[in-house]
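Below: the structure, in structure tokens.
Number of protein chains: 2
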Amino acid sequence: MTEPSAGSRAQQRRRTEERILAAARQMFAELGYERTTIRAVAKKAGVDAGLVMHYFGSKNELFSRAAELPVEELANGSPDEVAEALLTSLAKRLDGEPAASLAVLRSMLTNAEAAERYRAAGGPQLDRIAAGIPAADADLRAGLLGAIVHGVIIERYLLRLGGLADASPERIVELLRPCFRALAAAEPADPD
Amino acid sequence: MTEPSAGSRAQQRRRTEERILAAARQMFAELGYERTTIRAVAKKAGVDAGLVMHYFGSKNELFSRAAELPVEELANGSPDEVAEALLTSLAKRLDGEPAASLAVLRSMLTNAEAAERYRAAGGPQLDRIAAGIPAADADLRAGLLGAIVHGVIIERYLLRLGGLADASPERIVELLRPCFRALAAAEPADPD
DNA sequence: GTCTATAACCCGATAGAC
DNA sequence: GTCTATCGGGTTATAGAC
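Top to bottom, those sequences are chains E and B. Numbering of the first sequence is given in the numbering used here, commencing with residue 722 and proceeding in unit increments. Numbering of the second sequence is given in the numbering used here, commencing with residue 722 and proceeding in unit increments.
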């Protein structure tokens, strides 16, 4: 076997593929779908634009692969547990590099297919959240919870507006906790 | 004076300009900045693409004029009044056609100038909200309030996800009221 | 004032040399 | 596997005819 120096050919391919995907994720997150060009992604990854096409076939396919989100496991239980699970999930997305998350969020708003993919992935997740809320309008409450999460992320990373941009995830979560509990639980006691 | 049939020339011009702006607003709201083309706006307004350029000079200038937002008057007073003012403002933006509002929101995420304009307009407004909140972290609380408003609008109109898309503004406001009060007021009473 | 024609430049995708 | 050349299409913006 004429084993080459650095891994098999398949390994080599996977590595450059991963480099291209990383570059694409970053650019989709920063510029959105329309303004990211295959040429620019290729240059950033240090390869030729034709190679990107060779690997992924089309810009849309490249986006699909770059925007694949690890399915978030969301424990469902009591209303308070639902609220807490959402809060920790938010906290996790609030520090570190949310490149993949931002790529979807930003592109979703300009690319129809991205929006559709997100709806398909986010819908069932909202349903799972709604299942843990003991109220007639559980779906609306779940929708509001999701909206708040998105609003916070967008305001912090995309708009960089107000005190949200540099606040610590812990303080954000702390301030949001009463909100989430109020939305996840039915009204605690309404004596009339 | 050889007065023509329908208004002066200046009036005629203003009317077609307004027609172009209405078409532009709608398309910017639906497609975002990048995907709306001057050609399409012109066709929608029933004029020639060259005429749009003649009137507005550039696509960016057309967007600036189309995305001019009426400055929202926001009464500030006690924390509860701040929360209530925000809620009624949200309710107003939640029914009817929020074309201008959506044009900015959607384009903001891909167009640098739109983002800058929004930051310039939204920053002071957040400051005014923060001024009515008696807490050390008033700016963060104001930022969160703004984030929730944006999240709800985005989720309802742009993503059309979950039960938020077809819920009545009144129910949304009702569910959000405890959230807003909790964020606008310092903790009411914490007996420990 | 309105529209046609076109310049100058980008893009995604394809075909084919090496 | 990698890259060059190019096709066919789109865009903004300009120049000029009517």
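Positions of the beta carbon are idealized from the N, C-alpha and C atoms, including for glycine. As the structure is a computational prediction, the values presented were derived from the model and not from experiment.
I'd like the span of the alpha helix (DSSP H) that includes residue i, first residue to last.
i: S785 (chain B); result: K780 to A787
i: A857 (chain E); result: Here A857 (chain E) belongs to no alpha helix (DSSP H), and DSSP marks it neither H nor E.
i: I741 (chain E); result: R730 to R756
i: R760 (chain B); result: I759 to A766
i: Y878 (chain E); result: First-last for Y878 (chain E): undefined, no H or E at that position.
i: L885 (chain B); result: Unbroken run through L885 (chain B): none, as it is neither H nor E.
i: A921 (chain E); result: Examination of residue 921 (chain E) is not possible in this model, given that chain E is present from 722 through 913 alone.
i: A770 (chain E); result: A770 to F777
i: A905 (chain B); result: P890 to A905
If contacts are defined as beta-carbon pairs under 8 Å, then residue i and residue j qualify, I think. What distance do you get, rounded to the angstrom?
i: Q986 (chain B); j: A835 (chain B); result: Only positions 722 to 913 of chain B appear in this structure, which leaves residue 986 (chain B) out of reach.
i: G883 (chain B); j: R827 (chain B); result: Going by Cβ atoms, the distance from G883 (chain B) to R827 (chain B) rounds to 19 Å, so no, they are not a contact pair.
i: A788 (chain B); j: F749 (chain B); result: 7 Å
i: A842 (chain B); j: L790 (chain B); result: 6 Å
i: V768 (chain E); j: L783 (chain E); result: With a Cβ gap of about 12 Å, V768 (chain E) and L783 (chain E) do not count as contacting.
i: L897 (chain E); j: L823 (chain E); result: Not really, about 20 Å apart at Cβ, beyond 8 Å.
i: I854 (chain B); j: A868 (chain B); result: At roughly 15 Å, the Cβ-Cβ gap does not stay under 8 Å, so I854 (chain B) and A868 (chain B) are not in contact.
i: L815 (chain E); j: L830 (chain B); result: That pair is no contact at about 19 Å.
i: I875 (chain B); j: I875 (chain E); result: 7 Å
i: L885 (chain E); j: L865 (chain B); result: 7 Å
i: A804 (chain B); j: R730 (chain B); result: About 50 Å separates the two Cβ atoms, so there is no contact after all.
i: R881 (chain E); j: D858 (chain B); result: Going by Cβ atoms, the distance from R881 (chain E) to D858 (chain B) rounds to 18 Å, so no, they are not a contact pair.
i: E837 (chain E); j: E755 (chain B); result: The Cβ separation is near 18 Å, so there is no contact.
i: A766 (chain E); j: R740 (chain E); result: 5 Å
i: S775 (chain E); j: G872 (chain B); result: It should be noted that the sequence gives His, not Ser, for residue 775 (chain E). That belief does not hold up - the Cβ atoms of H775 (chain E) and G872 (chain B) are roughly 40 Å apart, past 8 Å.
i: Q732 (chain B); j: L795 (chain B); result: Not a contact, Cβ separation roughly 35 Å.
i: E793 (chain B); j: S810 (chain B); result: 6 Å
Handout entry: Under 9 Å (Cβ pairs) to chain B, residues found in the segment 746-765 of chain E
Key = Of all residues in the segment 746-765 of chain E, L752, G753, Y754, E755 and R756 have a Cβ within less than 9 Å of some Cβ in chain B.
Handout entry: Members of the segment 864-875 of chain E that neighbour chain B once the beta carbon cut-off is set at 8 Å
Key = Cβ contacts with chain B come from G864, L865, G867, A868, I869, V870, H871, G872, V873 and I875.
Practice task
Could you name the residues of the segment 821-839 of chain E whose beta carbon sits closer than 8 Å to any beta carbon of chain B, in the order they occur along the chain?
Solution key: Taking 8 Å as the Cβ-Cβ cut-off, the segment 821-839 of chain E approaches chain B at R827, M829, L830, T831, A836 and Y839, given in chain order.
Exercise for the section: Note down, one range per segment and in chain order, each alpha helix (DSSP H) of at least 4 residues found wholly within the segment 791-816 of chain E. Expected result: Secondary structure remark: continuous alpha helix (DSSP H) runs of at least 4 residues inside the segment 791-816 of chain E, in chain order: 800-815.
Practice task
Could you list the residues in the segment 770-792 of chain E with a C-beta less than 9 Å from some C-beta on chain B, going in chain order?
Solution key: Going along the segment 770-792 of chain E in chain order, one finds no residue with a Cβ nearer than 9 Å to chain B.
Problem - Residues of the segment 887-899 of chain B with Cβ closer than 8 Å to any Cβ of chain E, in chain order - result: A888, R892, I893, L896, L897 and P899
Practice task
Mind checking the segment 803-823 of chain E against chain B and listing, in chain order, the residues whose C-beta falls within less than 9 Å of any C-beta there?
Solution key: none
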